[in-house]
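Okay, here's the thing in structure tokens:
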């Protein structure tokens, strides 16, 4: 949503904060690292559950899959926001489908639905982080 909406100025606050804080120790950076690790862990746990339930192949590296899903999202954001690539979301969806196609024991629509559900939950988290960052800047 952050990459396509015209209602918000700027980009994803977490991405902006990660660039600004990646080499600056402190409470805000620590919080950002904690939340980003939680996001990657969430994806990896969902993948592990999908492996356990037979939806993904047994040999899938769940941490690697989480890394690649996150990388697709970051690449999409970069392509849309900085490069103005109007096909970035389409390209990201294709990359996601290819990635899952290598891992699936089930139709891709099933896994896509699970990831969409997690993304909907993440919207609330992003808003929370935006408010936290705004508050930290005012202090």
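Numbering (the working numbering), first residue to last: 279 to 417.
We put the beta carbon where it would ideally sit given N, CA and C, even for glycine.
Residue range 366-381 is occupied by the alpha helix (DSSP H) that includes residue 376. With respect to the 9 Å criterion, residue 354 and residue 344 are not classified as neighbours on the basis of their beta carbons. Closest in C-alpha terms to residue 379, from the list 327, 334, 357, comes 334.
Per the DSSP secondary-structure output, residue 334 pairs in a beta bridge with 382. Residues 329 of the same chain have their beta carbon placed closer than 8 Å to that of residue 336, with the five preceding and five following residues left out of the count. 9 Å or more divides the Cβ of residue 316 from the Cβ of residue 340. If you check the CB distance, residue 310 and residue 299 come in under 9 Å. Taking 9 Å as the cut-off, the beta carbon of residue 377 is found closer than this to the beta carbon of residue 346.
For residue 291, the uninterrupted alpha helix (DSSP H) run begins and ends at 291-299, by DSSP. 356 is the residue among 356, 364, 304 whose C-alpha sits nearest the C-alpha of residue 290.
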